[in-house]
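**Q** Protein chains in written order, with this note's numbering: chain U, 318 to 610; chain C, 14 to 426.
Here a beta-carbon is modelled for each residue, glycine too, at the ideal position from N, C-alpha and C.
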Amino acid sequence: MSFISYLLNGISLGSVYAIIALGYTMVYGIAKMLNFAHGDVIMIGSYVAYMAINNMGLPIPVSILLSVIVCTLLGMMMEKIAYKPLRQASKLAVLITAIGASYFLQNIALLIFGANTKSFSSVVNMEPIQLAGGQLIISGETIATVVACIVIMACLMTFMKYSKAGHAMLAVSEDSGAAQLMGINVNATISLTFAIGSALAAVAGVLLCSAYPALTPYTGAMPGIKAFVAAVFGGIGSIPGAFIGGILLGVIEILSRAYISSQLSDAIVFSVLIIVLVVKPTGLLGKQIQEKV
Amino acid sequence: MKKLLSLAMAATLAFSVVACGGTDNTQNNDNAAPEASEDAGSTDAASDAATEGDVSSSYNGVLKVGGIGPTTGGAAVYGKAVMNAANLAVEEINAAGGVNGMELQFQFEDDEHDAEKSVNAYNTLKDWGMQMLMGTVTSTPCTAVVNESAKDNMFHLTPSGSAVESIAQPNAFRVCFSDPNQGAASAQYIGENGIATKVAVIYDSSDVYSSGIYEKFAAESANQGIEIVAQGAFTADNKTDFSQQLQAAKDAGAELVFLPIYYTEASVILKQAAGMNYEPIFFGCDGLDGLLAVEGFDTSLAEGVMLLTPFAADAEDEKTKNFVAAYQAAYGEIPNQFAADAYDAMYIIKAAAEQAGITADMSVSDMCEGMKTAMTQITVDGLTGEGITWDAEGEPSKSPKAVKITDGVYTAM
């Protein structure tokens, strides 16, 4: 029974990784850059939701919406200020800028919100489901996270397949030069990608902090890095890949913590990245899926 | 408040830059000629005494005591409590004529519970002219700073640095119990009062405080007939999810979960345990003090949590009542055990300095030698124990009390 419980915890954590990884993978697919500040957008999103709920007394749906809006604007602003001027620069310069943006966000949060841990109250007001006579308890957060992840995945896939903007994204990801010649506004498309990725980050932040309630300016750093591992694991640039990579990584992490060692779980998670890169450098779904985002 | 905090942050940043440069200098000095730094200390002290003497003529010189602890970050509750209580004690001591006729001056620096920042803070305080150190508040930074203070042969009294290594040097003493004492005392308390026989432990293997208590607890448990049925470790990078450790404890049928950790993680553990309908007795050490002050934490989750502490704010004796009233009037909150430790520390410094006949014109090193001898001679009746005495190792001898959280406040058991 405890195995099922661990598995559910893993899927729940993996769903959060998957939502974050979607942001990583979309931005990589279209702008061909790794946005390392993505994890910190999660943290900002959580703080906005925390402040809205605890200090401004807003209802929970409004708070989440506010957090999504703030993160969307933040993502677009970050792209405009930090990444757009470097579009023609070398990849390394953009990568370093992303790391700089990450530290910038962490320290801004440190200044504004302080270093004290805040205990995030869960946004999910659902009674836990008890199965097998109370032996197996599925928390509301677990259900909400998994459902949110699946819904987001489905929406994104539909968006990419049927909407004009989605087609434009696909075109830019395949060949941005050609896409521009065909009359696609490449800058607007990239901006839209950052907006979607950051909005997802806000949702991920709220869900993450609902399940693991300690909120600090460094809350987003570790999940951000693990979600990046998940994106690479699943094949960076691929939406289903990010989903599968995220879930698998969450399950591996929780199971290794439960059955191998609670201290070694991070080491195991990162070993997975190394093994995947050695054996299959494109990730699980890196090759099969032709349509990159 | 936030503006203040950001200013403080900026100041800390600026200080750490300055202090980084300072560290190198000090180390060079120490390697080249240990006497040089001591001389510098004494001239500092003498010149400070001369300048300050004119301003406050009613005192016979100035005694500068520095304090270090986290006033921001995950252990901020401790640092703030120590800073507030120390200031309170300093005001009282000065109003009553100072230490040996000297005016007591106290300055407190933030270290964010980080060893490197703590050493920087130590150097900042040395630049200020510190003659004795009352700090640092948390164990890991204290262990780093004690090596620096030993090089300068500066008297070092930590209110709450409880790791064995925190006072490993001959110049260092402490007010609180050591970790091994806390671990052993917890096991004894649980065993002798028959609270539980099946116990799970969740501890931070990357922290000396936590792992130190755990080891002694495990050793003493065997003598007390306590069975440790599950032990779940975590590390500093891996402390947001404890559901696996809790699940393991639950599956093993633990009646009590021993938490030799700090309150930040404990608040997450309590929340996650409640989420999985697991309701064992939670038992902790002084690190759990501060749990009720976590921002956004639902204090009803802490109902029934027991912790071993030398101080309970609701105790009935005259001394505690006066202290709690004065602290509450000044800072608007009920003091925790760290505040009591710091308040005692200031009076211990006063008692030892008077015993040793410390005067403002003595060098830092001479003061330290005098204080070291005096510490083993004095007996202090403080908030955290009656008739506390010290051995030459720097360990206090006093007996612990246990408190239980009931309706959001500590009550003595």
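Terminal residues of the continuous alpha helix (DSSP H) containing residue 465 of chain U?
**A** Its alpha helix (DSSP H) spans residues 457 to 479.
**Q** For residue 125 of chain C, return the contacting residues in chain U, with the cut-off set at a CB-CB distance below 9 angstroms.
**A** Residues of chain U passing the Cβ test: 432.
**Q** Return the CA-CA distance between residue 346 of chain U and residue 591 of chain U, expressed in angstroms with no decimal places.
**A** Answer to the nearest angstrom: the Cα atoms are 21 angstroms apart.
**Q** Listed from N- to C-terminal order along the chain, which residues in the region 368 to 396 of chain U have their beta-carbon within a distance smaller than 7 angstroms of any beta-carbon of chain C?
**A** Cβ contacts with chain C come from 371.
**Q** The beta strand (DSSP E) with residue 145 of chain C in it runs from where to where?
**A** 145 to 148 is the span of the beta strand (DSSP E), which, as asked, contains residue 145 of chain C.
**Q** For residue 260 of chain C, count the other beta carbons within 10 Å of its own beta carbon; 16 or more makes it buried, fewer makes it exposed. Which is it?
**A** With 16 or more other Cβ atoms within 10 Å, it is buried.
**Q** Beta-carbon of residue 575 of chain U versus every beta-carbon of chain C: anything under 9 angstroms?
**A** Closer than 9 angstroms to some Cβ of chain C, the Cβ of residue 575 of chain U qualifies, so yes.
**Q** Return the CA-CA distance between residue 288 of chain C and residue 323 of chain U, expressed in angstroms with no decimal places.
**A** Computed Cα separation, rounded: 14 angstroms.
**Q** Given that a residue counts as buried once 16 or more other Cβ atoms are within 10 Å of its Cβ, and exposed if not, what is residue 250 of chain C?
**A** By the 10 Å Cβ count, residue 250 of chain C comes out exposed.
**Q** In three-state DSSP terms, what is residue 371 of chain C?
**A** Coil at residue 371 of chain C, not helix or strand.
**Q** According to DSSP, is residue 409 of chain C part of a helix, a strand, or is it coil?
**A** DSSP places residue 409 of chain C in strand when its eight states are reduced to three.
**Q** Using a beta-carbon distance below 9 angstroms, is residue 325 of chain C in contact with chain U?
**A** No, residue 325 of chain C lies away from the interface with chain U (no Cβ there is under 9 angstroms from its Cβ).
**Q** Once you ignore the five residues that flank residue 163 of chain C on each side, which residues in its own chain have a CB closer than 6 angstroms to its CB?
**A** Taken in chain order, the residues that qualify are 182, 184.
**Q** For residue 502 of chain U, would you say it is in contact with chain C, using Cβ-to-Cβ distances shorter than 9 angstroms as the test?
**A** Cβ-Cβ to chain C under 9 angstroms: no for residue 502 of chain U.
**Q** Suppose contacts are defined by Cβ-Cβ distances below 9 angstroms. Is residue 447 of chain U in contact with residue 206 of chain C by that definition?
**A** Going by C-beta atoms, residue 447 of chain U is not nearer than 9 angstroms to residue 206 of chain C.
**Q** Would you check if the region 149 to 160 of chain C and the region 217 to 224 of chain C touch, i.e. whether three or more CB-CB distances between them fall below 8 angstroms?
**A** With a cut-off of 8 angstroms, the region 149 to 160 of chain C and the region 217 to 224 of chain C count as touching, because enough Cβ pairs lie within range.
**Q** Residue 397 of chain U: buried (16+ other C-beta within 10 angstroms of its C-beta) or exposed?
**A** Exposed, by the Cβ-count rule.
**Q** What residue from C:200, C:253, C:100 has the CA that sits closest to residue 228 of chain C's CA?
**A** Minimum Cα distance to residue 228 of chain C is reached at C:200.
**Q** Considering Cα atoms alone, identify which of U:401, U:362, U:474 is closest to residue 264 of chain U.
**A** For chain U, the structure presents residues 318 to 610; residue 264 of chain U sits outside this window and is missing.
**Q** Which of the three DSSP states, helix, strand or coil, is assigned to residue 594 of chain U?
**A** Three-state result, residue 594 of chain U: helix.
**Q** So, for residue 236 of chain C: in the same chain, excluding its five sequence neighbours on each side, which residues have a beta-carbon less than 8 angstroms away from its beta-carbon?
**A** Here the set comprises 200, 204.
**Q** Does the region 412 to 419 of chain U touch the region 550 to 567 of chain U, meaning 3 or more C-beta pairs lie closer than 8 angstroms?
**A** In short, these stretches do not touch, since the Cβ pair count stays below three.
**Q** Alpha carbon to alpha carbon, how far is residue 576 of chain U from residue 303 of chain C? Give it in angstroms, no decimals.
**A** Roughly 32 angstroms between the two C-alpha positions.
**Q** Given this structure, state the Cα-to-Cα distance separating residue 407 of chain C from residue 177 of chain C, to the nearest angstrom.
**A** Looking at the two C-alpha atoms, the distance is approximately 10 angstroms.
**Q** With distances taken from CA atoms, which of C:71, C:90, C:186, C:86 is nearest residue 301 of chain C?
**A** It is C:90.
**Q** Can you check DSSP and say which residues form a bridge with residue 123 of chain C?
**A** C:82, per the DSSP bridge assignment.
**Q** Using DSSP with H/G/I as helix, E/B as strand and the rest coil, what is residue 390 of chain U?
**A** Reduced to three states, the DSSP call for residue 390 of chain U is helix.
**Q** When you compare the CB of residue 445 of chain U with every CB in chain C, is at least one pair closer than 9 angstroms?
**A** Interface residue, yes.
**Q** Is there contact here, the region 425 to 441 of chain U with the region 524 to 539 of chain U, by at least three beta-carbon pairs under 8 angstroms?
**A** Yes: at least three Cβ pairs fall under 8 angstroms.
**Q** Between which residues of its own chain and residue 59 of chain C is the CB-CB distance below 7 angstroms, once the five residues before and five after are set aside?
**A** Confidence at residue 59 of chain C is low in this model, with a pLDDT of 43, below 50, so its placement is unreliable and the value that follows should be read with caution. The residues are 374.
**Q** For residue 168 of chain C versus residue 319 of chain C, is the C-beta distance shorter than 9 angstroms?
**A** Contact flag unset, no.
**Q** In this structure, how does DSSP classify residue 59 of chain C when only helix, strand and coil are distinguished?
**A** Unreliable positioning characterises residue 59 of chain C in this predicted model, as indicated by a pLDDT of 43, which lies under 50. A coordinate reading is not provided.
**Q** Helix, strand or coil for residue 115 of chain C per DSSP?
**A** Of the three classes helix, strand and coil, the one that applies to residue 115 of chain C here is strand, per DSSP.
**Q** Any idea what DSSP makes of residue 260 of chain C, helix, strand or coil?
**A** It is helical.
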